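First the structure, in the form of structure tokens, and then the observations on it.
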Amino acid sequence: MAHFPAAPVLLTIVVLGFFSLLLGTGAAQGAIGPTPEEDQAIRATAQCDGLVMVSTVDPRWARIDCDDGYVVGTLVLSRSTSFGSDWERRAAALSHPFSCTPYAIGPLLAADLGDVCRPAPRHARWPRLGGMGYKPAEVPQGAHGLYRLRWLSWTASSAHGRGVLDYGDLYSSFRVAVRVRLYRPRRCPTTGVTIFTRRRVTAVRARERRLIAFETKYTVIGSCAENADDFLERHRLQLITDSGY
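Residue numbers (the working numbering): 727 to 971.
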């Protein structure tokens with residue numbers, strides 16, 4: 727006499743089979759080669775030769791790895807419909823990945839295209855000489871000083887830290903215990919990075935406040951146009967607009 731699995735076992739088999747079918751299609755495979763028509767249209771739009779791949783997550787997006795002696799890098803293109811031929815150059819990953827934010831490229835699509843773009847960081851950054859900082863332990867103070875900091879809090883609206891300012895020039899040299907506050911965040915539209923645009927520094931001991939009078943007022947510490955990542959991003963977008971690369 728035949729024995730059949732109980733109902734819960736049958737349900738488990740069906741569910742596992744369904745998810746196996748999903749994992750075996752589309753998004754899990756990554757980008758695929760284009761049709762001959764897509765390949766021709768993408769190469770003509772990109773104005774370069776190289777390997778072409780079309781996304782399986784969203785067939786309106788594709789990439790071409792240009793390597794024809796004139797353009798070396800990856801161009802990302804899109805079209806208005808999944809089967810359209812109206813491809814348009816959208817961004818270029820020439821020396822490093824571009825920002826996903828301006829193009830609304832989600833993590834699945836970004837991974838499918840080979841991680842040519844980077845998502846915006848989750849935390850606000852302190853823009854400073856040399857890059858963007860998240861809870862930096864050391865930050866230069868002009869040419870003559872150095873902040874050594876320990877952060878007590880770092881939220882979307884402000885950051886608070888304590889530490890010391892070591893300062894020395896031709897006329898004076900001192901070390902002062904300080905409190906640092908970063909505030910007034912702004913989200914940069916080009917890169918999606920949120921930066922703090924104001925900084926206030928105060929001496930912990932009242933008698934030492936005169937030593938850092940040059941730092942006690944609020945200081946404008948950055949703007950979207952000034953930070954290096956955003957400048958590179960805007961420059962790349964302008965290059966795409968002007969020349970297509």
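Virtual Cβ for every residue (Gly too), placed ideally from N, Cα, C. Keep in mind it's a predicted model, so treat the numbers as computed, not measured.
Rounded C-alpha distance that separates A757 from P785 = On the sequence shown, residue 757 is found 31 positions in, with the first residue counted as 1. On the sequence shown, residue 785 is found 59 positions in, with the first residue counted as 1. When rounded, the distance between both Cα atoms is 9 Å.
Beta strand (DSSP E) containing Q867: first to last residue?
-> Within the sequence shown, the letter at position 141 stands for residue 867. Per DSSP, Q867 belongs to the beta strand (DSSP E) from E864 to Q867.
State the CB to CB distance for the pair M1002 and G810, rounded to an integer number of angstroms; the pair is presumed to be in contact (CB under 8 Å).
-> Any question about residue 1002 goes unanswered here, given that the chain covers just 727 to 971.
Using beta-carbon positions only, say whether V842 and A863 come within less than 8 Å of one another.
-> Here residue 842 is taken as the residue at index 116 of the sequence shown, counted from 1. Here residue 863 is taken as the residue at index 137 of the sequence shown, counted from 1. Cβ atoms of V842 and A863: not closer than 8 Å.
Sub-8 Å separation of H870 and D838 beta-carbons = Against the sequence shown, residue 870 aligns to sequence position 144. Against the sequence shown, residue 838 aligns to sequence position 112. No, the Cβ-Cβ distance between H870 and D838 is not below 8 Å.
Give the secondary structure of T751 by DSSP, where H, G and I count as helix, E and B as strand, and everything else as coil.
-> To locate residue 751, count along the sequence shown from 1; it is residue 25. Reliability fails at T751, whose pLDDT of 35 lies under 50, so the model's placement of it is uncertain and the value that follows must be treated cautiously. Looking at T751 - three-state DSSP - the assignment turns out to be coil, as it is neither helix nor strand.
Where does I831 sit, in a helix, a strand or coil, going by DSSP?
-> Here residue 831 is taken as the residue at index 105 of the sequence shown, counted from 1. Note: I831 maps to coil in three-state DSSP.
Could you tell me which residues DSSP pairs with C843 in its beta bridges?
-> As a first step, residue 843 must be located in the sequence shown, where it is residue number 117. Note: C843 sits in a beta bridge opposite F824.
Pull up the distance between the alpha-carbon of A945 and that of L908, whole angstroms please.
-> Your numbering for residue 945 matches position 219 in the sequence shown. Your numbering for residue 908 matches position 182 in the sequence shown. According to the sequence shown, residue 945 is Thr rather than Ala. One C-alpha to the other measures close to 10 Å.
Of the choices D765, Q867 and I938, whose alpha-carbon is the least far from that of F813?
-> The count along the sequence shown starts at 1 and reaches residue 813 at position 87. Sequence check: residue 813 is Trp here, not Phe. If we check each option's Cα against that of W813, D765 comes out closest.
Rounded to a whole number of angstroms, what is the C-alpha to C-alpha distance between A929 and R935?
-> Reading the sequence shown from its first residue, position 203 is the one you call residue 929. Reading the sequence shown from its first residue, position 209 is the one you call residue 935. Between A929 and R935, the C-alpha separation is close to 5 Å.
Cα-Cα separation, P828 to G918 = Position 102 of the sequence shown, counting from 1, holds the residue named residue 828. Position 192 of the sequence shown, counting from 1, holds the residue named residue 918. For P828 and G918, the distance between alpha carbons rounds to 7 Å.
State the beta-bridge partners of H886 as determined by DSSP.
-> In the sequence shown, residue 886 corresponds to position 160, counting from 1. According to DSSP, which records beta bridges pairwise, H886 is partnered with S879 and R907.
List in chain order: all unbroken beta strand (DSSP E) runs of 3+ residues lying wholly within the segment 780-820.
-> 787-793, 798-804 and 814-819
Look up I921 in the DSSP assignment and say whether it is helix, strand or coil.
-> The residue you call residue 921 lines up with position 195 of the sequence shown. Correct three-state label for I921: strand.
Compute the beta-carbon to beta-carbon distance between I768 and P853, rounded to the nearest angstrom, for a pair I have assumed lies under 8 Å.
-> Here residue 768 is taken as the residue at index 42 of the sequence shown, counted from 1. Here residue 853 is taken as the residue at index 127 of the sequence shown, counted from 1. Incorrect: roughly 37 Å between the Cβ atoms, too far for contact.
By the 10 Å Cβ neighbour count, where 16 or more other Cβ atoms means buried, how is S899 classified, buried or exposed?
-> Taking the sequence shown and counting its residues from 1, one reaches residue 899 at position 173. Looking at its Cβ environment, which holds fewer than 16 other Cβ atoms inside 10 Å, S899 is exposed.
Burial state of R816 (16 or more Cβ within 10 Å) = Translated into the one-based positions of the sequence shown, residue 816 becomes position 90. It is buried - the Cβ of R816 has at least 16 other Cβ atoms within 10 Å.
Taking the alpha-carbon positions, what's the R805 to R789 distance?
-> Along the sequence shown, one-based indexing puts residue 805 at 79. Along the sequence shown, one-based indexing puts residue 789 at 63. For R805 and R789, the distance between alpha carbons rounds to 12 Å.
Could you give the residue range of the alpha helix (DSSP H) that holds I768?
-> Locating residue 768 in the sequence shown gives position 42, where the first residue counts as 1. Here the alpha helix (DSSP H) through I768 covers P762 to A772.
State the CB to CB distance for the pair W880 and L835, rounded to an integer number of angstroms; the pair is presumed to be in contact (CB under 8 Å).
-> Numbered from 1 along the sequence shown, position 154 holds the residue referred to as residue 880. Numbered from 1 along the sequence shown, position 109 holds the residue referred to as residue 835. At roughly 30 Å, the Cβ-Cβ gap does not stay under 8 Å, so W880 and L835 are not in contact.
Spatial neighbours of E763 in its chain, beta-carbon cut-off 8 Å, leaving aside the 5 residues before and after = Indexing the sequence shown from 1 puts residue 763 at position 37. Closer than 8 Å at the Cβ level, and outside the excluded window around E763, lie S811.
Cβ separation of V906 and Y873, assumed to be a contact under 8 Å, to the nearest whole Å | As a working mapping, residue 906 is identified with position 180 in the sequence shown. As a working mapping, residue 873 is identified with position 147 in the sequence shown. Their Cβ separation, rounded to whole angstroms, is 7 Å, which keeps V906 and Y873 in contact under 8 Å.
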